[in-house]
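For reference, the structure is listed below as C-alpha cells.
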Ligand SMILES: [Zn+2]
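In the working numbering, the protein residues as written are -4 to 669.
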C-alpha cells in the first residue's frame, strides 16, 4: 500500500530541518480528511473474525463482525455489522494485502467506514481508518490508538487541513470528530452526495455466513504472519506481470512500470528477475499477475483533500508449500497484483508513478513495509529512506532502491552461486574480549575478485568486529558470547554464496593487575587499591594465605588494602580475586612495614658548581641518590648528609629522592637550579 497526503507535498516546500522531523510524524490522511471522507464512524467491539474465498470478488475476504456501541457519523441502525476486508486465507489459498487493517477478537475499536459498491462495509483508507480503544496504563483513561499494537507511537502532525492524530484520549477524540463534522458540515455533505448517494448500505455482505456454519475458517486470522516468496527465481525464471492499460494515468505508464521492474531485476547479489509480458483486460485474479489502474477490484475509496491510499499491492500464496528462510516462514507466491487508485491526484509526474510502482512491486515480490505506524518505536533513518517505507517520498527518487530495499530482496532471493563456495569452516576461531581479533574468509569456484558482506537479516558479528569487503573479520571484541551470522560473497559475475558462521568470544582471563605493594610505615595511615583485570565484574577479594600486618585489612568488596600498621616486618601474603562467573586468580606479595626511623627524609639540598649536598635524616649507609629517576653516584657522609660531586645539573627544577637499601624511599624533594 502506498499513501500520500497534501501534507507531504506541502512539507517538501518547507525547510529541510522540518521535513526530517515531520516525515516521521505525518500520519496521513489528516483527521479532517478521514472524518469528511468516511461514510460512517462508529465505536464498537469485535465479536468474531473469519475469512473465506469470495467468488464474486475473485479474492479471499476477511469478515469482521462488530457490535456497534456508538454511531458518530452515518446512518447505521443495526446493533451489529459485518465488515468485508480484502485478504485472508481459505484452505490453501492465502491472500496477502499490504496495508489491510488487522483485527483481534474482543477488541474495542473506533472505525472509519466506507462501503463496497454492493453496500457492504469496510474500513475507510485501510489500516489508517482503524483505531483501537484501550485503557492508558498511566492514567486509567480510555484512549484511541491507530493500529492494534505499538504503544510507543504517539504521533501528531499538522497538515494543511488540520491535525493528524495517531493517539488521543477517547473523550477528546470523540469531541474532535463532532467538532470537525460540524465545521466541515458542507464539505462532508457534498462528499457524501457525490460518492455515496445511490450506494446501498447493508449491515452484512450478502455472501457472509456466520463463522460457526462455515467449514475450514480461520477464526483468529490476521494478515501479519503471512509472508511469501516466489519460487520462479530458483528455477532461473522471471516473475511475469501483465498490464491492463485502462485509465492508466499517463501514456508513459508502461515505461514507468518497466523502470520499477528493472530496479528489482538488477540488484547485485539477488536472483530476482521481473518481466512485463504484455497487456491484458484482466483484473484481480489469483493466478495471473496483473497491474491495473481502473479500480476494477473496487478496492479504492474516494478521498477528500487528495489524501489517502494511492495504490495497493498484494499477492496470493499457496499455504501448502512453504520454506523457512532465516526466522521467517515463507509461503509460495502464485500470483500478485498492483492496483492504482484512480481517485488520487498523485500521478502528477512519471517520477512519482515510478516510485509508487516500485514500492507496490516490492510488495508483490514478498516485501513488507520497512516501517509503518504500529511498528515498535520510531523508524530509523535507513527505514525512512527505503522505498518500502509506508509513506511515499516523492523526492525525485523515481524507480530506485535504497539499502533496506536491497537487503530485503537479497534476503528473499539470494543470487545463484554458480560454483562459488565459501571454503572457510563454519566454526571460526574463538576470540577474547579486549584482544584484537582477525580471521580471513576464503571462497573459490568462480573467478576472483570477490566482495564480502554480512548477509542481511541473518544475525550479526560480535560487537567490535567488522567484515571488510576483502573478507577479513577484524576488530577488538567488546562482549563475550556466541554470535551467529551469515557471510555473503559475490563475484564479479553476480554469483553469490552465503554460509552460516559462529564466533565464540570469551571474557578476558581474570588476573590480579597490581604488581607490587607499597611499603608501610608503622603508626602512619596506609592505603592501596588492589586492581583486577579481565573476567566479569563484580569482583570479590580475600586473603588466601599469610597474615596481614596487624592494623591492615582488605575490603572484600572493593579490594582496598588499608589501615595503620602497628608492627614492623615483612609479611608474605597471597590475595585471591573471584569474579561473577566464579573464576579465581591468585597473586603472592610481600608487604613490608618499617619503623618511622627507617624512612629517609630530605630537608635541604644545595647545589653549587658541580657539587650537591643533601641534608636530612635516616639515610642508611647503602642509600642511593636518585635524581630525576636516575641513580647518581654519591657518598654517604652520615645518616644526615649525602654529597655528590662532579655533577652537572641543567637549569630548572629537579626531583631528588633518597632510596634506602631496604627499598624505602624519601618523599621527593624539588631542587631549583638557576
Ligand atoms: Zn505499501
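Built from N, CA and C at the ideal position, the CB exists for glycine as well.
Subject >> Exposure label - residue 519; buried when at least 16 CB within 10 Å >> reply: Taking every protein chain shown into account, the CB of residue 519 has fewer than 16 other CB atoms within 10 angstroms, so this residue is exposed.
Original post:
Applying the criterion that 16 or more other CB atoms from any shown protein chain within 10 Å of the CB defines a buried residue, is residue 340 buried or exposed?
Top reply: Counting Cβ neighbours within 10 Å, residue 340 comes out exposed, since fewer than 16 surround it.
Subject >> Cβ-Cβ distance between residue 361 and residue 224 below 8 Å >> reply: Cβ atoms of residue 361 and residue 224: closer than 8 Å.
Original post:
According to DSSP, what are the bridge partners of residue 110?
Top reply: Answer is 116, bridged to residue 110.
Original post:
Do you know whose CA, among 261, 250, 246 and 335, lies nearest residue 279's CA?
Top reply: Ranking 261, 250, 246 and 335 by Cα distance to residue 279 puts 335 first.
Original post:
Quick one: what's got a C-beta closer than 6 Å to residue 505's C-beta in the same chain, skipping five residues either side?
Top reply: The answer, listed in chain order, is 529, 530, 574, 578 and 580.
Original post:
Quick one, are the C-beta atoms of residue 306 and residue 351 less than 8 Å apart?
Top reply: Contact: yes.
Original post:
DSSP on residue 655, reduced to helix/strand/coil?
Top reply: It is coil, neither helix nor strand.
**OP:** Look at the Cβ atom of residue 726, then the Cβ atom of residue 446, and state whether they are nearer than 8 Å.
**Re:** For residue 726 there is no data in the structure shown, the boundaries of the chain being -4 and 669.
Subject >> Secondary structure of residue 221, DSSP reduced to three states >> reply: Note: residue 221 maps to coil in three-state DSSP.
Subject >> Exposed unless 16 or more other CB atoms sit within 10 angstroms - verdict on residue 24 >> reply: By the 10 Å Cβ count, residue 24 comes out buried.
Original post:
So, helix, strand or coil for residue 378, using DSSP?
Top reply: Here residue 378 sits in helix by DSSP.
Subject >> First and last residue of the uninterrupted beta strand (DSSP E) at residue 555 >> reply: Residue 555 -> beta strand (DSSP E) spans 555 to 558.
Subject >> ligand 1 heavy atom lying under 7 Å from the CB of residue 93 >> reply: For residue 93, the shortest separation between its Cβ and any heavy atom of ligand 1 lies below 7 Å.
Original post:
Regarding residue 53 and ligand 1, is the C-beta to nearest heavy atom distance less than 7 Å?
Top reply: Not so, every heavy atom of ligand 1 lies at least 7 Å from the Cβ.
Subject >> residue 551 to residue 221 span [Cα, whole Å] >> reply: Residue 551 and residue 221: Cα-Cα distance of roughly 56 Å.
Original post:
Leaving out the 5 sequence neighbours to the left and right, which residues in its chain are closer than 7 Å to residue 649 when beta-carbon positions are compared?
Top reply: Contacts found: 622, 623, 666 and 668.
Subject >> Touching by the beta-carbon criterion (3+ pairs, under 8 Å), the region 271 to 278 and the region 452 to 461 >> reply: Counting C-beta pairs with one atom in each stretch, the region 271 to 278 and the region 452 to 461 have fewer than three that are closer than 8 Å, which means they do not touch.
Original post:
Starting from residue 610 and walking both ways along the beta strand (DSSP E), at which residues does that stretch end?
Top reply: Residues 606 to 612.
**OP:** Identify the continuous alpha helix (DSSP H) that holds residue 173 and give its terminal residues.
**Re:** Secondary structure note for residue 173: its alpha helix (DSSP H) is the uninterrupted segment 165 to 178.
**OP:** Out of 554, 549 and 516, point me to the one whose CA is closest to residue 533's CA.
**Re:** Nearest option by C-alpha distance: 554.
**OP:** Could you tell me how far apart the beta carbons of residue 522 and residue 557 are, in whole angstroms, since I believe they sit closer than 8 Å?
**Re:** A Cβ-Cβ distance of about 4 Å is found for the pair residue 522 and residue 557, placing them in contact under the 8 Å criterion.
Original post:
Are three or more beta carbon pairs between the region 486 to 503 and the region 538 to 548 nearer than 8 Å?
Top reply: No, because fewer than three Cβ pairs between the region 486 to 503 and the region 538 to 548 fall closer than 8 Å, the two stretches do not touch.
Original post:
Taking the beta strand (DSSP E) that residue 621 falls in, what are its first and last residues?
Top reply: 619 to 622 is the extent of the beta strand (DSSP E) around residue 621.
Original post:
Can you find a heavy atom of ligand 1 that lies under 7 Å from the Cβ of residue -3?
Top reply: Look at residue -3: its beta carbon is less than 7 Å from one of the heavy atoms in ligand 1.
Original post:
Using a Cβ-Cβ cut-off of 6 Å (strictly less than) and excluding sequence neighbours within five positions of residue 64, which residues of its own chain qualify?
Top reply: Only 38 and 39 meet the Cβ criterion.
**OP:** Answer yes or no: the CB of residue 388 versus the heavy atoms of ligand 1, is any distance below 7 Å?
**Re:** Every heavy atom of ligand 1 is 7 Å or more from the Cβ of residue 388, so no.
**OP:** Would you kindly report the start and end of the unbroken beta strand (DSSP E) that includes residue 324?
**Re:** Where residue 324 is concerned, the enclosing beta strand (DSSP E) stretches over 323 to 335.
**OP:** State whether the region 372 to 389 contacts the region 405 to 416, with contact taken as three or more CB pairs (one from each stretch) at a distance under 8 Å.
**Re:** No: the two stretches stay apart, fewer than three of their Cβ pairs being nearer than 8 Å.
Subject >> Cα-Cα separation, residue 483 to residue 269 >> reply: Between residue 483 and residue 269, the C-alpha separation is close to 23 Å.
**OP:** Starting from residue 93, follow the beta strand (DSSP E) in both directions and report where the run begins and ends.
**Re:** Residue 93 -> no beta strand (DSSP E), and no H or E assigned at all.
Original post:
What is the DSSP secondary structure of residue 649, counted as helix, strand or coil?
Top reply: Strand.
**OP:** Kindly list the residues whose CB is nearer than 7 Å to the CB of residue 671, restricted to its own chain and excluding five residues on each side of it in sequence; keep chain order.
**Re:** No answer is possible for residue 671: it lies beyond the span of the chain, which begins at -4 and ends at 669.
Original post:
If we count the other Cβ atoms within 10 Å of its Cβ and call it buried at 16 or more, is residue 82 buried or exposed?
Top reply: Taking all protein chains in view, the Cβ of residue 82 is crowded by 16 or more other Cβ atoms within 10 Å, so the residue is classified as buried.
**OP:** May I ask you to check if the CB of residue 309 is nearer than 7 Å to at least one heavy atom of ligand 1?
**Re:** No, ligand 1 has no heavy atom inside 7 Å of this Cβ.
**OP:** Just grab the DSSP bridge partners of residue 397 for me.
**Re:** Looking at the DSSP output, residue 397 sits in no beta bridge, so it has no partner there.
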